[in-house]
């Protein structure tokens, strides 16, 4: 649970922030462990509406985390201790929310928690993938390399997101205007001119009849349809929060023809990169497989990695175990690992796998972004043409019959 607290330090300074704990007693233990004198402590959910709104607009963005990670990587590469690096970042961070998070992480590390444990307390800021990468680096002693990889990854991800947003601005405006104009025409204009067409005896095209019927139906039943749509959305969201729902959604990601071209290479890239880092750091292969499974946000792959770890522990080679799942691990992965196992350079081979599928992922995302805009414009153009044809064709027939 999340608690909001106000407290005083040993120097008498007022401190306000949030703490993650199982219950209120645990929160008190954490705060007193940081040598704070607690003034107030309450569940974050009890904040008023205004506080929640202000908190929303002050939340830490992905770009803030990206800058923090790049700065951390630079400091660690300069061989500064982690605690010293965090203090420097706390002092120079401008965003108040992120500065408070860094302060809490720094205090947790100073109190004896590992860096990954301290980051995990702020799951709204640092993703599970981020925390798992840091956890892997703690095992191997390659914190600077992990921070650099995360910084590169976040910068690349942010660049792709920015590019996608830029490509979707104009189509988004067009789609929004079309929905507004189309909705007005279908629910307001068509129901009013429908009786005119019926009285004139003009033979209506099928698409005009369909739009007239749709407009009448929507104008009459829109409250019921709105309620049903909202109910369906809420039920679906609640289902996706369950374990069964998450597995179902994760299966769709890696089985749907369009989605699997993105999610399978992306997942393989993450797994291969973490495996290469762990094996290079001397982590036993079974443990490396288990840890790498935690870095992916896909429950199906997590279960598969647990099965692979069990196979390896029982004496199977890693390549032989992965060959059992060709739908989830492309054959190229197993073939490259066979070479790595034969030469004793499996960590380098994992890095090559990561590089190869990383480039493939970038290419897929770039192609998707490039295709979205023209596809949307063609689709909207066709719908606009159909809408106006539904109105103009009957009018043309009506004027022709009058003449």
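Numbering (my numbering), first residue to last: 1 to 403.
Virtual Cβ for every residue (Gly too), placed ideally from N, Cα, C.
Look up residue i in the DSSP assignment and say whether it is helix, strand or coil.
| i | result |
| --- | --- |
| residue 352 | helix |
| residue 42 | strand |
| residue 369 | helix |
| residue 268 | helix |
| residue 381 | helix |
| residue 396 | helix |
| residue 121 | coil |
| residue 17 | strand |
| residue 325 | coil |
| residue 7 | strand |
| residue 50 | Reliability fails at residue 50, whose pLDDT of 40 lies under 50, so the model's placement of it is uncertain and the value that follows must be treated cautiously. Helix, per DSSP. |
Mind checking which residues open and close the alpha helix (DSSP H) that includes residue i?
| i | result |
| --- | --- |
| residue 11 | First-last for residue 11: undefined, no H or E at that position. |
| residue 249 | 243-255 |
| residue 204 | Where residue 204 is concerned, there is no enclosing alpha helix (DSSP H), given that its DSSP letter is neither H nor E. |
| residue 321 | 318-322 |
| residue 130 | 128-140 |
| residue 195 | 190-200 |
| residue 84 | 82-92 |
| residue 306 | 299-313 |
| residue 342 | 331-343 |
| residue 96 | 96-110 |
| residue 78 | Neither: residue 78 is in no alpha helix (DSSP H) and is coded neither H nor E. |
| residue 287 | 285-293 |
| residue 31 | 24-33 |
Whole angstroms is fine: what's the gap from residue i's alpha carbon to residue j's?
| i | j | result |
| --- | --- | --- |
| residue 288 | residue 361 | 23 Å |
| residue 272 | residue 358 | 10 Å |
| residue 336 | residue 352 | 9 Å |
| residue 369 | residue 8 | 50 Å |
| residue 203 | residue 213 | 15 Å |
| residue 39 | residue 6 | 5 Å |
| residue 294 | residue 209 | 55 Å |
| residue 256 | residue 266 | 15 Å |
| residue 207 | residue 277 | 59 Å |
| residue 113 | residue 375 | 50 Å |
| residue 11 | residue 94 | 24 Å |
| residue 130 | residue 68 | 12 Å |
| residue 102 | residue 344 | 41 Å |
| residue 275 | residue 230 | 43 Å |
| residue 35 | residue 28 | 11 Å |
| residue 306 | residue 26 | 32 Å |
| residue 52 | residue 200 | Note that residue 52 has pLDDT 46, beneath the 50 cutoff, so the model's placement of it is unreliable and the number below is only indicative. So the alpha carbons of these two residues sit roughly 58 Å apart. |
| residue 356 | residue 62 | 26 Å |
| residue 304 | residue 319 | 14 Å |
| residue 371 | residue 115 | 41 Å |
| residue 215 | residue 373 | 29 Å |
| residue 170 | residue 60 | 27 Å |
Considering only residues of the same chain and omitting the five flanking positions on each side of residue i, which have a CB-CB separation below 8 Å?
| i | result |
| --- | --- |
| residue 279 | 285, 288, 346, 347, 350 |
| residue 264 | 254, 328, 330 |
| residue 83 | 106, 109, 110 |
| residue 259 | 252, 253 |
| residue 174 | 376, 377, 380 |
Assuming the contact rule is C-beta atoms closer than 8 Å, residue i and residue j should be a hit. Round their C-beta distance to whole Å, please.
| i | j | result |
| --- | --- | --- |
| residue 142 | residue 281 | 6 Å |
| residue 119 | residue 133 | Not a contact, Cβ separation roughly 10 Å. |
| residue 290 | residue 296 | Not really, about 12 Å apart at Cβ, beyond 8 Å. |
Under 6 Å Cβ to Cβ from residue i, same chain only, skipping five residues before and after it: list those, please.
| i | result |
| --- | --- |
| residue 250 | 298, 299, 300 |
| residue 404 | Nothing can be reported for residue 404, as the shown portion of the chain is limited to 1 through 403. |
| residue 340 | 346, 349 |
| residue 139 | 283 |
In chain order, what residues of the same chain lie with their CB nearer than 7 Å to the CB of residue i, ignoring the 5 residues before and after it?
| i | result |
| --- | --- |
| residue 211 | 186, 190, 390 |
| residue 386 | 207 |
| residue 75 | 85, 88 |
| residue 144 | 73, 76, 77 |
| residue 333 | 268, 322, 353 |
| residue 99 | 90, 93 |
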